[in-house]
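Take the sequence shown: its letter number 37 is residue 37 in UniProt numbering, and every next letter is one higher.
Accompanying notes for the structure given below.
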Amino acid sequence: MSRVQDYPLPYEDEDNREFLAAWRDEGRLLLQQAVEGGRPFFYPRPICPYTGSADLVFKPASGRGEIVSYALVLRPNHPVFNEEVPIILAEIELEEGASLLGRIICEDAGRIASGLGVEVLPPEEARRYPLPTFRLREKVDA
């Protein structure tokens with residue numbers, strides 16, 4: 001498996017710096033929202049897509065969500081990923097309502113299906129990946 005320094009790093013700018021630092025340093029997922037009347041959104045940007053406000057804050061997300069759709073990448077665009085195929089990329093709707101594209105780590109790609117619950121990796125595992133990365137959430141009996 002690759003080491004984190006081998007992965008291509010995301011472009012960091014003023015809009016996403018706090019988001020990237022929270023993931024990189026603590027394995028936490030942050031979402032932005034407008035201070036007044038905004039709902040959480042992803043990807044980090046200077047203007048809220050719902051209110052048009054530039055007065056934004058980052059708030060911690062639960063890190064839990066559901067797979068909306070997914071794809072198995074068998075021919076990655078960067079050689080560092082060649083030994084990791086199939087790579088599972090998914091559209092994930094978070095509990096907070098924001099959607100994002102994220103990688104899902106799962107030993108058996110055949111288990112992946114739309115509608116399954118996911119959660120971000122624990123911080124000790126998350127540090128390996130430069131962007132938010134998920135695993136399947138085991139069902140809890142009520």
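Backbone N, C-alpha and C define an ideal beta-carbon position, used for all residues, glycine too.
Note that this is a predicted model, so its numbers are computed, not measured.
For this session: Could you tell me whether the Cβ atoms of Leu29 and Phe41 are closer together than 8 Å?
Result: Contact: no.
For this session: Would you tell me roughly how many angstroms separate the C-alpha atoms of Phe81 and Gly37, rounded to the nearest one?
Result: Rounded to whole angstroms, Phe81 to Gly37 spans 41 Å at the Cα level.
For this session: Assuming Gly27 contacts Leu121 (C-beta within less than 8 Å), just tell me the rounded distance between them.
Result: Their Cβ separation, rounded to whole angstroms, is 7 Å, which keeps Gly27 and Leu121 in contact under 8 Å.
Exercise. Over what stretch of residues does the beta strand (DSSP E) that includes residue 146 continue unbroken?
Worked result: The requested residue 146 is not part of the displayed model; the chain covers only 1 to 142.
Exercise. Between Ala34 and Asp55, is the Cβ-Cβ spacing less than 8 Å?
Worked result: Yes, these two residues count as a Cβ contact at 8 Å.
Exercise. Under the DSSP definition of a beta bridge, which residues are partnered with Glu66?
Worked result: Glu66 has Glu93, Gly117 as its beta-bridge partners, per DSSP.
Exercise. What is the DSSP secondary structure of Ala98, reduced to helix, strand or coil?
Worked result: Ala98 falls in the coil class under three-state DSSP.
Exercise. Hey, how far is the Cα of Leu131 from the Cα of Trp23?
Worked result: Going by C-alpha positions, Leu131 is about 7 Å away from Trp23.
Exercise. Along the chain, where does the alpha helix (DSSP H) that runs through Leu131 open and close?
Worked result: It is not in any alpha helix (DSSP H) - Leu131 carries neither H nor E in the DSSP assignment.
Exercise. Any idea what DSSP makes of Arg17, helix, strand or coil?
Worked result: Three-state result, Arg17: helix.
Problem set entry | Heavy atom of the ligand SAM within 7 Å of Phe58 beta-carbon | Inclusion of the ligand SAM in the displayed structure is not the case, the ligand content being empty and no account of it being possible.
For this session: Give the DSSP bridge partners of Leu56, in chain order.
Result: In DSSP, Leu56 forms a bridge with Ala34.
Problem set entry | Bridge partners - Leu72, DSSP secondary structure assignment | Paired residue(s): Ile88.
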